[in-house]
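In full-length UniProt numbering, the protein residues as written are 1 to 315.
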């Protein structure tokens with residue numbers, strides 16, 4: 001694949017049902033030969049599971065959640081579930097994750113250390129390594145349920161049509177789409193766009209924003225609360241590059257993986273199948289792009305927000 005073709009695939013491309021998918025053709029035949037985008041449906045609850053005890057855990061990173069390697073929000077979800085195993089409190093309040101290197105799909109080790117434990121909250125650090133190589137570090141706050149305090153909600157309405165009645169991205173791509181996902185993890189998420197381009201290869205640069213309705217498949221929710229929260233992490237991460245890419249020509253010669261992801265959890269997504277996700281990249285300069293992302297329930301409540309930095313790389 002030449003540089004121009006690779007950049008075109010990076011920007012979405014005709015027939016791609018989820019744009020922009022990313023910088024490498026992970027859904028192509030050569031990647032399927034290595035087990036990526038194999039056609040099996042990923043199960044988020046199984047694919048983020050951790051095993052172990054006493055602060056020492058292991059997990060198996062699944063190729064079904066591939067982006068530029070394991071998707072960042074998916075990695076963050078594994079870290080969060082490991083932290084949850086050591087927390088005395090059930091509710092995640094926030095986490096900050098630094099992505100240190102790209103993991104291979106396969107076993108990883110997780111070490112969890114409590115930094116502070118109070119009567120209502122607990123701070124934990126989680127380190128993910130693979131054969132001794134540092135993959136990611138996370139700091140997580142967990143808090144008790146039913147905390148007392150002031151209450152207000154100044155979040156504006158979504159301002160978009162709801163998902164019911166909107167066509168899916170696959171339906172909008174029919175006749176153009178070859179049935180392959182350039183980025184495999186999107187196969188596990190139904191997407192109902194709030195906007196669309198008939199020809200993604202020639203779309204004009206627009207605002208550095210991205211939004212849409214998303215529902216996981218085959219199971220839209222997870223029984224485990226922290227696996228269910230991982231649904232939010234994946235979308236918070238995915239909206240970042242989507243928003244930045246939207247402001248530039250589709251054949252841009254860059255991709256931009258996350259340096260970090262800082263998340264605030266506001267409400268549980270339990271029993272919320274459809275999620276509205278949005279992202280805004282307010283500034284790209286000197287090789288970095290800042291972003292803010294959010295996920296809301298179908299009925300409007302804000303579930304989680306995030307911020308971070310992307311670092312540009314030439315494709």
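Ideal Cβ placement from N, Cα and C applies to all residues, glycine included. Source: prediction; values computed, not measured.
Around residue 70, the same chain offers 61, 103 as residues with beta carbons nearer than 6 Å, after the five sequence neighbours per side are excluded. Residue state for residue 190 is assigned as strand, using DSSP reduced to three classes. Non-local C-beta neighbours of residue 243 in its own chain, meaning closer than 7 Å and more than five positions away in sequence, comprise 208, 209, 210, 279, 280, 281, 291, ordered along the chain. Close CB contacts of residue 120 within its chain, under the 8 Å cut and outside five residues either way in sequence, are with 89, 143, 144, 147 (chain order). Beta-bridge partners of residue 80 (DSSP): none assigned. Residue environment analysis places residue 185 among the buried positions, since at least 16 neighbouring C-beta atoms fall within 10 angstroms of its C-beta. The criterion of a C-beta distance shorter than 8 Å is not satisfied by residue 232 and residue 193.
Within the model, the alpha-carbon separation for residue 247 versus residue 204 is close to 8 Å. Distance from the CA of residue 307 to the CA of residue 260, rounded to the nearest whole angstrom, comes to 8 Å. Taking residue 76 as reference, the option from 54, 110, 174, 202 with the minimal CA-CA separation is 110.
Beta bridge pairing from DSSP links residue 143 with 91, 121. Cβ-Cβ distances below 8 Å link residue 133 to 101 in the same chain, with the five nearest sequence neighbours on each side left out; the list follows chain order.
Secondary structure note for residue 293: its beta strand (DSSP E) is the uninterrupted segment 288–297. Between residue 122 and residue 87, the C-beta gap is smaller than 8 Å, which places the two residues in contact. In the three-state scheme derived from DSSP, where H, G and I count as helix and E and B as strand, residue 209 is classed as strand. When only Cα atoms are considered, residue 301 and residue 226 end up about 19 Å apart. Scanning its chain for C-beta atoms nearer than 7 Å, with the 5 sequence neighbours on each side dropped, one finds around residue 249 the residues 205, in chain order. The alpha carbon of residue 81 has as its nearest neighbour, out of 65, 124, 99, the alpha carbon of 124.
DSSP places residue 246 in the helix class (H, G or I) of the three-state scheme.
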